[in-house]
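Trainee: Supplied in structure tokens, the structure appears directly below.
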Amino acid sequence: MDLRQMKYFLALAQELHFGRAAQRLHMAQPPLTRQIRGLEEELGAELFLRTPKGVELTAAGQALLDEVPNILSLAQRASERTRLAGQGLIGRLDVGIFGSGVLDVIPRLLADFHRERPAVRLELHNMTKAQQLQALRERRITVGFNRLVQAEHGLGVQVVLREPLVVGLPETHPLCTQAHVSLRDLSGEPMILYPNAPLPGLAQEVATAFAREGARLEVAQEVEDVLTCVALVASGFGCCITTQSAMSLRLPGVAYRPLRSRHLHDIALCCLYRTDDSSPVLAAFLRVVQSFAARQGARAA
């Protein structure tokens, strides 16, 4: 029994007349009669009693009528969901995020995508860079967001934007009187670095820039995330170099000044994904990312 036969049966069961049912189905009556007879033979039960006025359902026919509308509804739902999934309009997107990335750009990107495809479920996973890369390889997340990611086989890297770097200072620090702060200004000053992770990150970029510009890096603390870093700056433990988006934390006791450096100006935020992932949801999300990146590039220009 296929879906077409079920539709024929349902039309006849509701109209109780071959002529009206055939008209409703936009077909001639003889083919409908043959289809119903074939269905009865396949099921081994008489479904209709023929009467001078039309037909009546048998007990077997009534039993089938109790099931067919639900089956057709489920088939229609499955067909519709398959179509929507093929267009990336439903499904699930597992996103790897990290501390400072959620302060500005990533929420805006996710909001853009959600407005475009509200039926796609977004699942966020807070992960380090190493955890994101491993989760991508194991297909536990669809995309990740991070910085300073080295290219590897099978990994796509889309730059979302390049974010300016700033210097975070205790608000009573003498350098707060300056419009800009250079690495030479920070030479010998106690510095809070983050993240203290094995993979290359902002901490390593800062250390390299200090060395290249002949400034002495005095590390007071190494911490895991931007919030801890800025909180320590607010408490007077030292200064830090962080992204412009960290200013949105608005912790009292911290002042920010633009960083002046020959070698350290900004840092790229990237979207990471598997190049062999053919998911329509991923393709739709990457289009949103690319559009966002193009707008940011136009503004910077």
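Each residue of the sequence shown is one higher than the last, beginning at 4 in this note's numbering. Backbone N, C-alpha and C define an ideal beta-carbon position, used for all residues, glycine too.
1) Where does N199 sit, in a helix, a strand or coil, going by DSSP?
2) Between G157, N73, V233, S185, which has its C-alpha nearest T246's C-alpha?
3) In angstroms with no decimal places, state the Cα-to-Cα distance between L60 and S82.
4) Is the beta carbon of V123 sitting closer than 8 Å to the one on L96?
5) Can you have a look at K56 and say buried or exposed, based on whether 16 or more other CB atoms are within 10 angstroms of its CB?
6) Considering just the uninterrupted stretch of the alpha helix (DSSP H) at V229, what are its terminal residues?
7) Keeping to the same chain, check which residues put their C-beta closer than 7 Å to that of Q67; ignore five residues upstream and five downstream.
8) Specify, as a first and last residue, the run of the alpha helix (DSSP H) that H128 falls within.
9) Can you list, in chain order, the residues of its chain whose CB lies under 7 Å from that of A14, leaving out five sequence neighbours each side?
10) Going by DSSP, what residues sit across from S185 in a beta bridge?
11) Cα separation between N199 and N129?
12) By Cβ distance, which residues of its chain are closer than 7 Å to L52, with the 5 residues on each side in sequence left out?
Mentor: Well, looking at it:
1) Residue numbering aside, residue 199 sits at position 196 when the sequence shown is read from its first letter. In this structure, DSSP gives N199 a state outside helix and strand, which the three-state scheme calls coil.
2) Position 243 of the sequence shown holds residue 246. For the residues G157, N73, V233, S185, the minimum Cα distance to T246 belongs to V233.
3) Sequence index remark: in the sequence shown, residue 60 carries index 57 (1-based). Sequence index remark: in the sequence shown, residue 82 carries index 79 (1-based). If you take the alpha carbons of L60 and S82, they lie about 29 Å apart.
4) Residue numbering aside, residue 123 sits at position 120 when the sequence shown is read from its first letter. Residue numbering aside, residue 96 sits at position 93 when the sequence shown is read from its first letter. Less than 8 Å divides the Cβ of V123 from the Cβ of L96.
5) Against the sequence shown, residue 56 aligns to sequence position 53. With fewer than 16 other Cβ atoms inside 10 Å of its own Cβ, K56 counts as exposed.
6) On the sequence shown, residue 229 is found 226 positions in, with the first residue counted as 1. Residues 229–237.
7) Position 64 of the sequence shown holds residue 67. At residue 67 the sequence reads Leu, which differs from the Gln that was named. Here the set comprises F12, L50.
8) Here residue 128 refers to the residue found at position 125 when the sequence shown is read from its first residue. H128 -> not in any alpha helix (DSSP H); beta strand (DSSP E) instead, spanning 123–129.
9) By 1-based counting over the sequence shown, the position of residue 14 is 11. Only A24, R27, L28 meet the Cβ criterion.
10) Start at 1 with the first residue of the sequence shown, and residue 185 comes out as number 182. Note: S185 is bridge-paired with R263 in the DSSP secondary-structure output.
11) On the sequence shown, position 196 is the one that residue 199 refers to. On the sequence shown, position 126 is the one that residue 129 refers to. N199 and N129: Cα-Cα distance of roughly 16 Å.
12) The residue given as residue 52 occupies position 49 in the sequence shown. A distance below 7 Å between beta-carbons, with the five flanking residues on each side excluded, links L52 to the following residues of its chain, in chain order: V58, E59, T61.
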